[in-house]
Amino acid sequence: MYEGDLLANVLRIPSFFWKQHPELWIQVNDLMVNRRYEIEGLKISLEKFEECGN
Numbered sequence: 001m002y003e004g005d006l007l008a009n010v011l012r013i014p015s016f017f018w019k020q021h022p023e024l025w026i027q028v029n030d031l032m033v034n035r036r037y038e039i040e041g042l043k044i045s046l047e048k049f050e051e052c053g054n
């Protein structure tokens, strides 16, 4: 495993899961809120995950 692999896999979870479990989406989002720049530096896309929160 490489740095960011676990996070990248969590963010690839299909949107239907997050829509069925919004409380988990909120928890993951809260963990990342102040680390967006660092995550983007790992070249991990946040786009699909963030769309699930709308």
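Start counting the sequence shown at 1; every next residue gets the next number (full-length UniProt numbering). From the three backbone atoms N, C-alpha and C, an ideal C-beta is built for every residue, glycine too. Owing to the predicted nature of the structure, the values given are computational and were not obtained by experimental measurement.
**Message:** Report the start-end ranges of each alpha helix (DSSP H) in the stretch 16–53 that is 4 residues or longer and not cut off at the edges.
**Reply:** Scanning the stretch 16–53 for uninterrupted alpha helix (DSSP H) segments of 4 residues or longer gives 22–32, 36–41 and 47–52, listed from N- to C-terminal end.
**Asked** Does the beta-carbon of Leu11 have 16 or more other beta-carbons within 10 angstroms, so that it is buried, or is it exposed?
**Response** Within the sequence shown, numbered from 1, the residue matching residue 11 stands at position 11. Counting Cβ neighbours within 10 Å, Leu11 comes out buried, since at least 16 surround it.
**Message:** Given a cut-off of 8 Å on the beta-carbon distance, is the pair Leu46 and Arg36 in contact?
**Reply:** For the purposes of this step, residue 46 is taken as residue 46 along the sequence shown, with counting starting at 1. For the purposes of this step, residue 36 is taken as residue 36 along the sequence shown, with counting starting at 1. For Leu46 and Arg36, yes; Cβs fall inside 8 Å.
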